[in-house]
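Chemist: Dropping the structure in here first, questions after.
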Amino acid sequence: MTKNIKVVLIVLAALVVAGSAYAFAAANVVPDTAAGYAASTVSGYTVSNIVYDLDATDPTMVDAIKFDIAPTSGSVVAALVKVQTA
Numbered sequence: 865m866t867k868n869i870k871v872v873l874i875v876l877a878a879l880v881v882a883g884s885a886y887a888f889a890a891a892n893v894v895p896d897t898a899a900g901y902a903a904s905t906v907s908g909y910t911v912s913n914i915v916y917d918l919d920a921t922d923p924t925m926v927d928a929i930k931f932d933i934a935p936t937s938g939s940v941v942a943a944l945v946k947v948q949t950a
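Quick note on numbering: my numbering labels position 51 of the sequence shown as 915, and the sequence is numbered without any gaps.
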């Protein structure tokens, strides 16, 4: 009997923890805007040879953006660079 009570208490404790984690995550509401949309300078790297490849059928659209990135000091090469456009 005490084994069943312990199991029930453990399950209830897990549910309380999971429920409170969900409540905190649900309270984190971001307004419906272009979050992070801005120009920003990142130090430590130099970006060069920027090339915009335009769409062949609609030149107002960009198909790809190509660029070179290099560290300004040291030899730490960027392993992953993400760029998000509108």
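Glycine residues also receive a C-beta, built at the ideal position from the N, C-alpha and C atoms.
State yes or no: is the C-beta of residue 909 within less than 9 Å of the C-beta of residue 942?
Modeler: For this step, residue 909 is matched to residue 45 along the sequence shown. For this step, residue 942 is matched to residue 78 along the sequence shown. Yes; because the gap between Cβ atoms is below 9 Å, this pair is in contact.
Chemist: How many angstroms separate the CA atom of residue 927 from the CA atom of residue 921?
Modeler: As a working note, residue 927 is residue 63 in the sequence shown. As a working note, residue 921 is residue 57 in the sequence shown. Taking the straight line from one Cα to the other gives about 11 Å.
Chemist: Using only the alpha-carbon positions, how far apart do residue 924 and residue 947 sit?
Modeler: Counting from one through the sequence shown, the residue named residue 924 turns up at place 60. Counting from one through the sequence shown, the residue named residue 947 turns up at place 83. The alpha-carbon atoms of residue 924 and residue 947 are separated by roughly 19 Å.
Chemist: Beta strand (DSSP E) containing residue 928: first to last residue?
Modeler: Residue 928 sits at position 64 when you count from the first residue of the sequence shown. 926-935 is the span of the beta strand (DSSP E), which, as asked, contains residue 928.
Chemist: List the residues that DSSP assigns as beta-bridge partners of residue 910.
Modeler: Position 46 of the sequence shown, counting from 1, holds the residue named residue 910. 934, per the DSSP bridge assignment.
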